[in-house]
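Protein chains in written order, with this note's numbering: chain A, 1 to 246; chain B, 1001 to 1246.
Protein chains: 2
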Amino acid sequence: MPETASPLNASQLRAACSTCNLRELCLPLQLSSSEMAAVEKLVATRRKVHRGEALYRAGDDFDSLYALRLGFLKSTVTSTDGREQVTGFHMTGELVGLDGISTQKHHCDAVALEDTEVCVIPYERLEHIASEVPVLQTHFHKVMSREIVREHGVMLLLGSMHAEERLAAFLLNLSQRFEARGYSRTEFVLRMTRAEIGSFLGLKLETVSRALSRFAHDGLIEVNQKRLRITDPDGLRAIMSGQAAR
Amino acid sequence: MPETASPLNASQLRAACSTCNLRELCLPLQLSSSEMAAVEKLVATRRKVHRGEALYRAGDDFDSLYALRLGFLKSTVTSTDGREQVTGFHMTGELVGLDGISTQKHHCDAVALEDTEVCVIPYERLEHIASEVPVLQTHFHKVMSREIVREHGVMLLLGSMHAEERLAAFLLNLSQRFEARGYSRTEFVLRMTRAEIGSFLGLKLETVSRALSRFAHDGLIEVNQKRLRITDPDGLRAIMSGQAAR
DNA sequence: CGTTTCGTTGAAGAGTGTCAAGGCCAGTGG
DNA sequence: CCACTGGCCTTGACACTCTTCAACGAAACG
């Protein structure tokens, strides 16, 4: 079992938000230089998390949020009787750890699916600075709200869509997020296993595998292990909307 | 189709948080009198929503949050192809509308399941006062985070539990929330239809009905239409955890 | 009191899960 | 460099849960 990465890491650096090319994703777009100076005080350090290690685990004390600089994470919750559910996959520029604010303890695990680097944002400092920089406060609230909206979408998916519809929606969502980060929207590498996709989508890994095979057979995608290419996005969209010829 | 309740309502009153007996649920517990005075400025008015009417609908402009004073609401999201999913049921003391912050538009419908009264909290005012009253800001962030955690729980339920496990978890959750509000934890009225329960749990109404009948047959509950009594909460807990004798 | 909405139950069928076997691939150690 | 290993993925056959369709009964509403 991978352990939580050590909190004191040789690779801790002073961060520099003003020069970070992710700030459009992770921070307000328009900041005056004095506001930016305040925001720079936010990020204490960076931290590296190796593939398979946890950024934090359920039950850990919460004291920081993390802005994903590089890499790929999954979040999982585990029920008292041991069921595990992937609640999300996180890409560059996204903020993780929001679940910890409510009780000062993390409620889920965040595990790196590839070597990952995050900016550590001490939460008390964020609250303090947010109360002085309104645009930051507003942005932070929007980030939390967006997470709530995202989860509504997942509930819709889990509650009312069939296996192939879920998978199509998932692939299109990944595609769109890769595109927003400047990568190809048609060709990318799945960082997660079939089992992890299945857990996220409320399906078994065999069902995921079969659905991928069927999409490939129908000419919607090409898939080779983790390598994926979307050849017919409109076809996927049709499937997602339940308009599929079956 | 029920329409959005008119924004200008005869029953709008000046609110008074300091004397509201819900403030332990909806607002920070410990406020100095000057802080309380600031918070009182938060709530502009109250608003009544009749059974079947909407407090807001997806696409409506967002400008306020709502603290539920009295009544019962459901939130629903609808996909582009018309699928509807209940994302939550809201009881007295809970805050709704958080989904609207992200884009200044509501992303879901909030519909009253019984005659309901809410305190209207203009969001700009909340942001302003929160930046001056740290305990309020902290509390607000916790409320949003708690919503995220709650949704993780729903994802776990939808993604990895069977029909009867879902329903048992749902009944126990309701029970606990009624108890927290001073009502009986063993006997209560379901404000929603079987179809709405089913939508929330990712099941068809017939499945909900059958599961309820089976629980009743097995002596876990007594059920008469919307009236429900939990006679064996431990039995329900066992079912929820998948330890059910089948 | 009629009409409509809501709830219950049965039978049949579809969609996923379960179980099992085998293939592919990357990493490891001889 | 190659064989070995273990993790990951694919595919088939079968079982089972849940949905679908349908009919009926009960409660709520005007």
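In this text, a Cβ means the ideal position worked out from N, Cα and C, and glycines have one as well.
Based on DSSP bridge pairs, tell me the residues matched to G88 of chain A. Counting from one through the first sequence, the residue named residue 88 of chain A turns up at place 88. The partner list for G88 of chain A (beta bridge, DSSP) reads A:S75.
Answer with buried or exposed for D1099 of chain B, where buried requires no fewer than 16 other C-beta atoms within 10 angstroms of its C-beta. On the second sequence, position 99 is the one that residue 1099 of chain B refers to. With 16 or more other Cβ atoms within 10 Å, it is buried.
What does the Cβ neighbour count give for K1290 of chain B, buried or exposed, with the cut at 16 atoms within 10 Å? Since the first residue of chain B shown is 1001 and the last is 1246, residue 1290 of chain B is not available in this structure.
Mind listing which residues of the segment 117–136 of chain A have their C-beta closer than 7 Å to chain B's C-betas, in chain order? E127, S131, P134
Whole-number beta carbon distance between L236 of chain A and L136 of chain A, since they are thought to touch under 8 Å: The residue labelled residue 136 of chain A in the question sits at position 136 within the first sequence. The residue labelled residue 236 of chain A in the question sits at position 236 within the first sequence. At roughly 37 Å, the Cβ-Cβ gap does not stay under 8 Å, so L136 of chain A and L236 of chain A are not in contact.
Is any beta-carbon of chain A found at less than 8 Å from that of E1164 of chain B? Counted from its first residue, the second sequence places residue 1164 of chain B at position 164. With 8 Å as the cut-off, E1164 of chain B does not count as an interface residue toward chain A.
Find the residues of chain A that neighbour L1098 of chain B, judging by a C-beta separation of less than 7 Å, and give them in chain order. Within the second sequence, residue 1098 of chain B is the residue found at index 98, counting from 1. Chain A residues near L1098 of chain B: S145, I148.
What residues match up with E1187 of chain B in a beta bridge as DSSP calls it? In the second sequence, the residue the question calls residue 1187 of chain B occupies position 187. DSSP lists B:R1229 as partners of E1187 of chain B.
Scan the segment 1151–1184 of chain B for residues whose Cβ lies nearer than 9 Å to a Cβ of chain A and list them as they occur along the chain. E1151, H1152, G1153, V1154, M1155, L1156, L1157, L1158, G1159, S1160, M1161
Looking at the C-beta of D1081 of chain B, does it have a partner C-beta in chain A at a distance below 8 Å? If you number the second sequence from 1, residue 1081 of chain B lands on position 81. Closer than 8 Å to some Cβ of chain A, the Cβ of D1081 of chain B qualifies, so yes.
Rounded to a whole number of angstroms, what is the C-alpha to C-alpha distance between E1147 of chain B and G97 of chain A? The residue you call residue 1147 of chain B lines up with position 147 of the second sequence. The residue you call residue 97 of chain A lines up with position 97 of the first sequence. Whole-angstrom Cα-Cα distance: 14 Å.
Hey, would you say A1211 of chain B sits closer than 8 Å to L1167 of chain B, going by beta carbons? Translated into the one-based positions of the second sequence, residue 1211 of chain B becomes position 211. Translated into the one-based positions of the second sequence, residue 1167 of chain B becomes position 167. For A1211 of chain B and L1167 of chain B, yes; Cβs fall inside 8 Å.
Residues within the segment 1032–1049 of chain B neighbouring chain A, beta-carbon criterion of under 7 Å: none
Nearest to L224 of chain A by CA position, among A:R125, A:S213, A:S184, is which residue? Counting from one through the first sequence, the residue named residue 224 of chain A turns up at place 224. Before going on, a small fix: residue 224 of chain A reads as Asn here, not Leu. Cα-wise, what sits closest to N224 of chain A is A:S213.
Report yes if the C-beta distance between R1177 of chain B and L1113 of chain B is below 8 Å; otherwise report no. Here the question's residue 1177 of chain B lines up with position 177 in the second sequence. Here the question's residue 1113 of chain B lines up with position 113 in the second sequence. For R1177 of chain B and L1113 of chain B, no; Cβs fall outside 8 Å.
Closer than 8 Å at the beta carbon, the chain B residues around I101 of chain A: Position 101 of the first sequence, counted from the start, is the residue given in the question as residue 101 of chain A. Per Cβ cutoff of 8 Å: H1141, K1142, M1144, S1145.
V223 of chain A: CB within 7 Å of a non-hydrogen atom of the ligand GDP: In the structure on display, the ligand GDP does not appear, and there are no ligands present to speak of.
According to DSSP, simplified to helix, strand and coil, what is A216 of chain A? On the first sequence, residue 216 of chain A is found 216 positions in, with the first residue counted as 1. A216 of chain A falls in the helix class under three-state DSSP.
Rounded to whole angstroms, what is the Cα-Cα separation between T1116 of chain B and L1095 of chain B? Taking the second sequence and counting its residues from 1, one reaches residue 1116 of chain B at position 116. Taking the second sequence and counting its residues from 1, one reaches residue 1095 of chain B at position 95. Cα to Cα, T1116 of chain B sits roughly 13 Å from L1095 of chain B.
Give the single residue among A:G242, A:F89, A:L55, A:S145 whose Cα lies nearest to the Cα of A163 of chain A. Position 163 of the first sequence holds residue 163 of chain A. Checked all of A:G242, A:F89, A:L55, A:S145; the closest Cα to A163 of chain A is A:G242.
Would you report the Cα separation of R57 of chain A and E132 of chain A, rounded to the nearest angstrom? In the first sequence, residue 57 of chain A corresponds to position 57, counting from 1. In the first sequence, residue 132 of chain A corresponds to position 132, counting from 1. Approximately 31 Å, taken between the alpha carbons.
Where do the ends of the beta strand (DSSP E) carrying E1222 of chain B lie? The residue you call residue 1222 of chain B lines up with position 222 of the second sequence. That run of the beta strand (DSSP E) goes 1221–1224.
What residues from chain B crowd round H90 of chain A, counting only those whose CB sits closer than 8 Å? For the purposes of this step, residue 90 of chain A is taken as the residue at position 90 of the first sequence. Correct list: empty, because the minimum Cβ distance to chain B is about 13 Å.
Entirely enclosed alpha helix (DSSP H) segments - the segment 1140–1217 of chain B, minimum 4 residues: Whole alpha helix (DSSP H) segments, 4+ residues: 1163–1180, 1194–1201, 1205–1217.
Check I1101 of chain B in the structure and name its three-state DSSP category. Within the second sequence, numbered from 1, the residue matching residue 1101 of chain B stands at position 101. Of the three classes helix, strand and coil, the one that applies to I1101 of chain B here is coil, per DSSP.
Ignore the nearest five residues each way along the sequence and tell me which others in F1140 of chain B's own chain have a CB closer than 8 Å to its CB. Here residue 1140 of chain B is taken as the residue at index 140 of the second sequence, counted from 1. Take F1140 of chain B, set aside five residues on each side of it, and the residues of its chain with a beta-carbon closer than 8 Å to its own are L1126, A1130, in chain order.
Residues of chain A with CB closer than 8 Å to the CB of V1077 of chain B, please, in chain order. Residue 1077 of chain B sits at position 77 when you count from the first residue of the second sequence. Residues of chain A passing the Cβ test: H152, G153, M155, L156.
Is the beta carbon of T1231 of chain B less than 8 Å from the beta carbon of V1120 of chain B? Residue mapping note: residue 1231 of chain B aligns to position 231 of the second sequence, counting from 1. Residue mapping note: residue 1120 of chain B aligns to position 120 of the second sequence, counting from 1. No, the pair does not count as a contact, with Cβ atoms beyond the cut-off.
State the DSSP-derived secondary structure class of D81 of chain A, mapped to helix, strand or coil. Numbered from 1 along the first sequence, position 81 holds the residue referred to as residue 81 of chain A. Of the three classes helix, strand and coil, the one that applies to D81 of chain A here is coil, per DSSP.
Between F1089 of chain B and the rest of its own chain, which residues show a CB-CB distance below 6 Å, the 5 nearest in sequence each way excluded? Position 89 of the second sequence, counted from the start, is the residue given in the question as residue 1089 of chain B. Within the same chain, F1089 of chain B has close Cβ partners K1074.
Measure the Cβ-Cβ separation of Q85 of chain A and S160 of chain A and say whether it is below 8 Å. To locate residue 85 of chain A, count along the first sequence from 1; it is residue 85. To locate residue 160 of chain A, count along the first sequence from 1; it is residue 160. No, the Cβ-Cβ distance between Q85 of chain A and S160 of chain A is not below 8 Å.
Which of the three DSSP states, helix, strand or coil, is assigned to L22 of chain A? Mapped onto the first sequence, residue 22 of chain A falls at position 22. Of the three classes helix, strand and coil, the one that applies to L22 of chain A here is coil, per DSSP.
Going straight from the alpha carbon of V1143 of chain B to that of V1049 of chain B, what length do you get? Here residue 1143 of chain B refers to the residue found at position 143 when the second sequence is read from its first residue. Here residue 1049 of chain B refers to the residue found at position 49 when the second sequence is read from its first residue. Cα to Cα, V1143 of chain B sits roughly 23 Å from V1049 of chain B.
For the beta strand (DSSP E) that Q117 of chain A lies in, which residues bound it at each end? As a first step, residue 117 of chain A is located in the first sequence; it is residue number 117 there, counting from the start. The sequence given here has Glu at residue 117 of chain A, not Gln. Annotation: the continuous beta strand (DSSP E) that includes E117 of chain A extends over 109–122.
Could you name the residues that DSSP lists as bridge partners for T1045 of chain B? Working through the second sequence from its first residue, we reach residue 1045 of chain B at position 45. T1045 of chain B is bridged to B:V1120.
At a Cβ threshold of 8 Å, is S209 of chain A touching chain B? Against the first sequence, residue 209 of chain A aligns to sequence position 209. For S209 of chain A, the answer is no, since every Cβ of chain B falls outside 8 Å of its Cβ.
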